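Peer 1: Here you go, one structure.
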Amino acid sequence: SVERTLSILKPDVIAKNVVGQVIARIESAGLKVIAARMTHLTQAEAEGFYAVHRERPFFGDLVKFMISGPVVVMTLEGENAVATYRDIMGATDPKKAAAGTIRADFADSIDENAVHGSDSLENAANEIAYFFRSIELCPRTR
Ligand code: CMP
Numbered sequence: 002s003v004e005r006t007l008s009i010l011k012p013d014v015i016a017k018n019v020v021g022q023v024i025a026r027i028e029s030a031g032l033k034v035i036a037a038r039m040t041h042l043t044q045a046e047a048e049g050f051y052a053v054h055r056e057r058p059f060f061g062d063l064v065k066f067m068i069s070g071p072v073v074v075m076t077l078e079g080e081n082a083v084a085t086y087r088d089i090m091g092a093t094d095p096k097k098a099a100a101g102t103i104r105a106d107f108a109d110s111i112d113e114n115a116v117h118g119s120d121s122l123e124n125a126a127n128e129i130a131y132f133f134r135s136i137e138l139c140p141r142t143r
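In the UniProt record's numbering, the protein residues as written are 2 to 143.
Following this line, the structure appears as structure tokens:
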């Protein structure tokens, strides 16, 4: 069924100037960008977004990296969008990511791993709402 998922192009993607290349892969997979914004997250915004990871040992480094430069936050829509996007992202650790995935091709480490994608439909709804008001979503009918 048609789903929505949240994508973040992390500061390493912006630094490498490959925003367009990553979005091209998203589009090639049949996913449509229905909202997008470039923003430099504050520490509070990054901590709030990753609140589920607050107790994990990597939380501090994760937040520090996510506020190290601008990011592009997007809402994607398409058939099985959550799983489709996770497939093309590849494994969280780029060393384990399948050849041809975004992380295999653009990420340098598990900390600087190019992209974020929601891991479930329920989290997708929460993550989309964290960054976008419903009026900012532009569902496409053609
Ligand atoms: P992301 O999908 O944005 O969600 C949390 C992020 O924490 C993850 O991608 C990684 O970039 C980062 N991270 C660092 N170490 C780990 C780890 N051991 N397990 C999961 N995520 C990690």
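Yeah, the Cβ is synthetic: ideal placement off N, Cα and C, and Gly gets one too. Since this is a predicted model, take the numbers as computed values, not measurements.
Work out the CA separation of Gln22 and Met90 for me, nearest whole Å.
Peer 2: Going from the Cα of Met90 to the Cα of Gln22 covers about 13 Å.
Peer 1: Please tell me whether, using a cut-off of 7 Å, the distance from the CB of Leu63 to the nearest non-hydrogen atom of the ligand CMP is below it.
Peer 2: Flag set: Cβ of Leu63 near the ligand CMP.
Peer 1: Between the alpha carbons of Thr93 and Arg87, how many angstroms are there, rounded?
Peer 2: Each residue's alpha carbon lies about 9 Å from the other.
Peer 1: Would you kindly report the start and end of the unbroken alpha helix (DSSP H) that includes Ile9?
Peer 2: Ile9 -> not in any alpha helix (DSSP H); beta strand (DSSP E) instead, spanning Val3 to Leu10.
Peer 1: Indicate the three-state DSSP secondary structure (helix, strand or coil) for His41 in the structure shown.
Peer 2: In the structure shown, His41 sits in coil (DSSP, three-state: anything other than H, G, I, E or B).
Peer 1: Would you kindly work out how many angstroms separate the C-alpha atoms of Arg26 and Phe107, rounded to a whole number?
Peer 2: For Arg26 and Phe107, the distance between alpha carbons rounds to 12 Å.
Peer 1: Spell out a yes or no on whether the stretch 129 to 142 and the stretch 53 to 64 are touching, meaning 3 or more CB-CB pairs, one atom from each, closer than 8 Å.
Peer 2: They do not touch, by the three-pair rule.
Peer 1: Quick check on the burial criterion: 16 or more other C-beta atoms within 10 angstroms. Buried or exposed for Thr6?
Peer 2: So Thr6 counts as buried.
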